[in-house]
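Q:
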Amino acid sequence: MTDPADLDALYREIVLDHHRNPRNSDAIDAPTHEGEAINPFCGDEVHIKIQLQDGGIKELSITGVGCSISQASASLMGEEIKGKTAEQITGLAEQFNALMSGSADSMQSDLDVLKGVKRYPVRIKCALLAWSALDDALSS
Amino acid sequence: MSGPHGFDIDAIRKQFPILDVEVNGHPLVYLDTAATSQKPQVVIDAISDYYSRSNSNVHRGVHTLSQQATDIYEETREKTRALINAADAREIIYVRGTTEAINLVASTYGRQNVGEGDEVIVTAMEHHSNIVPWQILCGEKGADLKVVPMDENGDLIMEEFDRLLSDRTKIVAVVHLSNALGTINPVKEMFQKAHAVGAVTLLDGAQSAPHMAIDVRDLDCDFLAFSGHKIYGPTGIGILYGKYDLLSQMPPYQGGGEMIASVTFEKTIYAELPAKFEAGTPHIAGTAGLGAAIDFVNQVGLDNVAAHEKSLLEYGTERIGSINGVNLIGTAKHRSGVLSFVVEGVHPHDVGTVLDSQGIAIRAGHHCAQPVMAHFGIPATVRASFGMYNTTDEIDRLYEGVQQVFEVFG
Ligand SMILES: Cc1ncc(COP(=O)(O)O)c(C=O)c1O
Chain W
1 MTDPADLDAL YREIVLDHHR NPRNSDAIDA PTHEGEAINP FCGDEVHIKI
51 QLQDGGIKEL SITGVGCSIS QASASLMGEE IKGKTAEQIT GLAEQFNALM
101 SGSADSMQSD LDVLKGVKRY PVRIKCALLA WSALDDALSS
Chain Y
1 MSGPHGFDID AIRKQFPILD VEVNGHPLVY LDTAATSQKP QVVIDAISDY
51 YSRSNSNVHR GVHTLSQQAT DIYEETREKT RALINAADAR EIIYVRGTTE
101 AINLVASTYG RQNVGEGDEV IVTAMEHHSN IVPWQILCGE KGADLKVVPM
151 DENGDLIMEE FDRLLSDRTK IVAVVHLSNA LGTINPVKEM FQKAHAVGAV
201 TLLDGAQSAP HMAIDVRDLD CDFLAFSGHK IYGPTGIGIL YGKYDLLSQM
251 PPYQGGGEMI ASVTFEKTIY AELPAKFEAG TPHIAGTAGL GAAIDFVNQV
301 GLDNVAAHEK SLLEYGTERI GSINGVNLIG TAKHRSGVLS FVVEGVHPHD
351 VGTVLDSQGI AIRAGHHCAQ PVMAHFGIPA TVRASFGMYN TTDEIDRLYE
401 GVQQVFEVFG
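Here it is in structure tokens:
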């Protein structure tokens, strides 16, 4: 059961801000990796292009369509992974999964603002969509 | 609130135990009947009575319980026949639901009669279950799937339908009442025209069956598909109606027990209708529930249900449609049961989550009708759909819920 506080925790002002003003949405010049993820049940999409240099993410571009949670999560993820190596990203993805499943309460990062999603099981896949797009890009 | 002909909404609501449930601290407002209807106590009881008192297999035992189970199973077939005014109970085939009924026709009648260069016609507002089986068939046979387009209101463009019909048309499969838009299509006229070019017709009655009386002989459809769970009955049971002569000439859908007259390793002789299409142990409890659902619907009267839902739709269209920042999707001339809309700047899933927090159940998504969404250039809609138990008070709750959406996302 959810209560009004849960709704506030889900739609934090910062989350809505990332939804309205997604970061890193401009195209980049020389992407080395591209990926996408689509949720066939709701049609939400996240597309990601990254430029890897010396093992780290130098530049990235994220675009998509969908609900506030999927798009805000993509924007927040983009801010978090900039400059990180593929290995660090794998670690982040695991931590984020743990945050969503409720097995961890914090990942000590800005992504914590999304932890209200875990009270809404059907919305967890929205929050994870960007991470599958990223995984798709890194394994391309 | 008491309507025409003794339609007593309070008495009706009392028969649906789930309407007393609280969701997220609020009394449930169930506006998702197009996905599945809620079940009256008589249906729940019929299923539990069947398992408590009559459970047995059908057509197999000489013992008493098997006879009881068989009676229940066949009585529901007769009730279904009467419900849709079919000529003969053998024209009623039990399936899992609308989806299976359409797949059955596509893979038996379709495989037998559709060849290279032939055409199957559907409309732009079909549920995926009335698109994909025909696509599979056409792909296999080198046939073409043709689509009757619709206009910006969600009405079919009938001139285009006329243009598509030709002697290549083998099957015309049309949704009666669109689950995404609420449009009621002029199927009687369409079937007349289809028959004039020698095509066979299929009516997707998944949404219409719970909202209006369907008379297969008046509409002259060759096949009708509908689902028990949308007409106040259980999930897992549905109906394929087919004209006797067509069904007799079709090959079976699945092989197994029940559907045979005799089996040797050299040759199997198939059973007569309807058994030919009912291989394996069927959903007997489902037929017990469906029979009770049909009795219940008849008692309330589909005409009363239609009148009640019409007033709900008018009230909802007025109330929700008047909200600044809300756009109704689907404003066809003849509509029923469905109010589809988008809230500017807010994704339908977010609308759904906010409404759910207030105990209001709606569907947010593409409603298994992605081509419809593409037509309107939107990814999804919020859909409030009505059943006999809904009230104008509940539409007021929806109205307040939408105001809350603006508060959260404003
Ligand atoms: C118009 C229409 N056709 C077909 C179906 C499929 O019905 P079922 O899932 O019961 O097979 C539905 C259900 O949503 C529907 O609304």
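If you read the protein sequences in the order shown, they are chains W and Y. Numbering of the first sequence is given in this note's numbering, commencing with residue 1 and proceeding in unit increments. Numbering of the second sequence is given in this note's numbering, commencing with residue 1 and proceeding in unit increments. All residues carry an ideal CB built from backbone N, CA and C; glycine is no exception.
Which value, in whole angstroms, describes the spacing of the CA atoms of V351 (chain Y) and S178 (chain Y)?
A: Along the second sequence, one-based indexing puts residue 351 (chain Y) at 351. Along the second sequence, one-based indexing puts residue 178 (chain Y) at 178. Cα-Cα distance, rounded: 22 Å.
Q: Confirm the yes/no value for this check: CB of A98 (chain W), any heavy atom of ligand 2, distance under 7 Å.
A: With respect to ligand 2, the structure offers nothing, as its ligand set consists of ligand 1.
Q: Just to confirm the assignment, what range does the alpha helix (DSSP H) spanning N298 (chain Y) have?
A: For the purposes of this step, residue 298 (chain Y) is taken as the residue at position 298 of the second sequence. It spans I284 to V300 - the alpha helix (DSSP H) in which N298 (chain Y) sits, taken as one unbroken run.
Q: Do you know whose CA, among W:K115, W:A130 and W:F41, lies nearest L7 (chain W)'s CA?
A: Working through the first sequence from its first residue, we reach residue 7 (chain W) at position 7. Among W:K115, W:A130 and W:F41, the Cα nearest to that of L7 (chain W) belongs to W:K115.
Q: From this set, Y:L28, Y:L83 and Y:I93, which residue's C-alpha is nearest L247 (chain Y)'s C-alpha?
A: As a working mapping, residue 247 (chain Y) is identified with position 247 in the second sequence. Selected option, being the one with the closest Cα: Y:I93.
Q: Where does the unbroken beta strand (DSSP E) through Q53 (chain W) begin, and where does it stop?
A: In the first sequence, counting from the first residue as 1, residue 53 (chain W) sits at position 53. Here the beta strand (DSSP E) through Q53 (chain W) covers E45 to Q53.
Q: Count the other C-beta atoms from every protein chain shown that fall within 10 angstroms of the C-beta of V402 (chain Y), then say buried if there are 16 or more, exposed otherwise.
A: For this step, residue 402 (chain Y) is matched to residue 402 along the second sequence. When all chains shown are included, V402 (chain Y) counts as buried.
Q: For the 8 Å Cβ check, are there 3 or more pairs between the stretch 232–252 of chain Y and the stretch 97–106 of chain Y?
A: Of all C-beta pairs linking the stretch 232–252 of chain Y to the stretch 97–106 of chain Y, three or more are shorter than 8 Å, placing the two stretches in contact.
Q: Could you give the uninterrupted runs of the beta strand (DSSP E) lying entirely in the stretch 146–180 of chain Y, keeping only those of 3 residues or more?
A: 169–175
Q: Where P121 (chain W) and E394 (chain Y) are concerned, what is the direct C-alpha to C-alpha distance, given to the nearest angstrom?
A: Locating residue 121 (chain W) in the first sequence gives position 121, counting from the first residue. Locating residue 394 (chain Y) in the second sequence gives position 394, counting from the first residue. Cα-Cα distance, rounded: 26 Å.
Q: If you measure beta-carbon to beta-carbon, which residues of the stretch 376–403 of chain Y are closer than 9 Å to chain W?
A: P379 and A380
Q: Would you please verify whether the beta carbon of V29 (chain Y) is less than 8 Å from any beta carbon of chain W?
A: Residue mapping note: residue 29 (chain Y) aligns to position 29 of the second sequence, counting from 1. No, no contact with chain W.
Q: Could you give the C-beta distance for N298 (chain Y) and F7 (chain Y), rounded to a whole number, given that I count them as a contact under 8 Å?
A: If you number the second sequence from 1, residue 298 (chain Y) lands on position 298. If you number the second sequence from 1, residue 7 (chain Y) lands on position 7. At roughly 14 Å, the Cβ-Cβ gap does not stay under 8 Å, so N298 (chain Y) and F7 (chain Y) are not in contact.
Q: Touch check for the stretch 308–318 of chain Y and the stretch 163–172 of chain Y: three-plus C-beta pairs under 8 Å?
A: no
Q: By alpha-carbon positions, which one of Y:T108, Y:V172 and Y:A225 ends up nearest to I121 (chain Y)?
A: As a first step, residue 121 (chain Y) must be located in the second sequence, where it is residue number 121. Selected option, being the one with the closest Cα: Y:V172.
Q: What I want to know is whether the C-beta of T99 (chain Y) ends up closer than 7 Å to one or more non-hydrogen atoms of ligand 1.
A: Locating residue 99 (chain Y) in the second sequence gives position 99, where the first residue counts as 1. Correct: T99 (chain Y) has its Cβ closer than 7 Å to ligand 1.
Q: I'd like to know whether the C-beta of G116 (chain W) is nearer than 8 Å to at least one C-beta of chain Y.
A: As a first step, residue 116 (chain W) is located in the first sequence; it is residue number 116 there, counting from the start. Taking Cβ atoms only, chain Y never reaches closer than 8 Å to G116 (chain W), which makes this a no.
Q: Under a CB-based cut-off of 8 Å, is S340 (chain Y) close to chain W?
A: The sequence position of residue 340 (chain Y) within the second sequence is 340, counting from 1. Not one chain W Cβ lies under 8 Å of S340 (chain Y).
Q: Could you name the residues that DSSP lists as bridge partners for S262 (chain Y)?
A: For the purposes of this step, residue 262 (chain Y) is taken as residue 262 along the second sequence, with counting starting at 1. Bridge partners of S262 (chain Y): Y:I269.
Q: Hey, would you say T123 (chain Y) sits closer than 8 Å to L156 (chain Y), going by beta carbons?
A: Looking up residue 123 (chain Y) in the second sequence gives position 123. Looking up residue 156 (chain Y) in the second sequence gives position 156. Contact flag set, yes.
Q: Might you give, ordered along the chain, the residues of its own chain that have their beta carbon closer than 6 Å to the beta carbon of Q15 (chain Y), omitting 5 neighbours on each side?
A: Within the second sequence, numbered from 1, the residue matching residue 15 (chain Y) stands at position 15. P40 and Q41.
Q: If P175 (chain Y) sits next to E126 (chain Y), beta carbons under 8 Å apart, how far is it from one beta carbon to the other, in whole angstroms?
A: Here residue 175 (chain Y) is taken as the residue at index 175 of the second sequence, counted from 1. Here residue 126 (chain Y) is taken as the residue at index 126 of the second sequence, counted from 1. A small fix is needed here, since residue 175 (chain Y) is Val in this sequence, not Pro. Contact holds; Cβ gap of about 5 Å.
Q: Please list the partners that F96 (chain W) has in chain Y, where partner means a Cβ-to-Cβ separation under 8 Å.
A: Residue numbering aside, residue 96 (chain W) sits at position 96 when the first sequence is read from its first letter. For F96 (chain W), there are no C-beta contacts with chain Y under 8 Å, since the nearest C-beta of that chain is about 20 Å from it.
Q: Taking DSSP's pairing of strands, which residues face T63 (chain W) in a bridge?
A: Here residue 63 (chain W) refers to the residue found at position 63 of the first sequence. W:H47.
Q: Spell out whether any CB of chain Y is found under 8 Å from the CB atom of S68 (chain W).
A: Residue mapping note: residue 68 (chain W) aligns to position 68 of the first sequence, counting from 1. Closer than 8 Å to some Cβ of chain Y, the Cβ of S68 (chain W) qualifies, so yes.
Q: Give the straight-line distance between the Cα atoms of Y270 (chain Y) and G139 (chain Y), rounded to the nearest whole angstrom.
A: Locating residue 270 (chain Y) in the second sequence gives position 270, counting from the first residue. Locating residue 139 (chain Y) in the second sequence gives position 139, counting from the first residue. Spanning the two alpha carbons is a distance of roughly 29 Å.
Q: Does the beta carbon of D36 (chain Y) come closer than 8 Å to any beta carbon on chain W?
A: In the second sequence, counting from the first residue as 1, residue 36 (chain Y) sits at position 36. Note on residue identity: the sequence assigns Thr, not Asp, to residue 36 (chain Y). Chain W, which has no Cβ nearer than 8 Å to the Cβ of T36 (chain Y), makes this no.
Q: Within its chain, find whatever has a CB closer than 6 Å to the CB of R23 (chain W); leave out the 5 residues flanking it on each side and keep chain order.
A: As a first step, residue 23 (chain W) is located in the first sequence; it is residue number 23 there, counting from the start. These residues qualify, in order along the chain: S75, G78 and E79.
Q: Quick one: using the 10 Å Cβ neighbour count with 16 as the cut-off for buried, is F41 (chain W) buried or exposed?
A: Along the first sequence, one-based indexing puts residue 41 (chain W) at 41. Under this definition F41 (chain W) is an exposed residue.
Q: Any chance the stretch 333–353 of chain Y sits against the stretch 380–393 of chain Y, with 3 or more Cβ pairs inside 8 Å?
A: Flag = yes, the stretch 333–353 of chain Y and the stretch 380–393 of chain Y touch.
Q: Can we count S175 (chain Y) as close to ligand 1, meaning its CB is less than 7 Å from some heavy atom?
A: Counting from one through the second sequence, the residue named residue 175 (chain Y) turns up at place 175. Looking at the sequence itself, residue 175 (chain Y) is Val, so the reference to Ser does not match. Flag set: Cβ of V175 (chain Y) near ligand 1.
Q: Going along the chain, which residues of its own chain have a beta-carbon closer than 8 Å to the beta-carbon of L328 (chain Y), five neighbours each way excluded?
A: If you number the second sequence from 1, residue 328 (chain Y) lands on position 328. Counting only Cβ-Cβ distances below 8 Å, and skipping sequence neighbours, we find T317, I320, G321, L339, S340 and F341.
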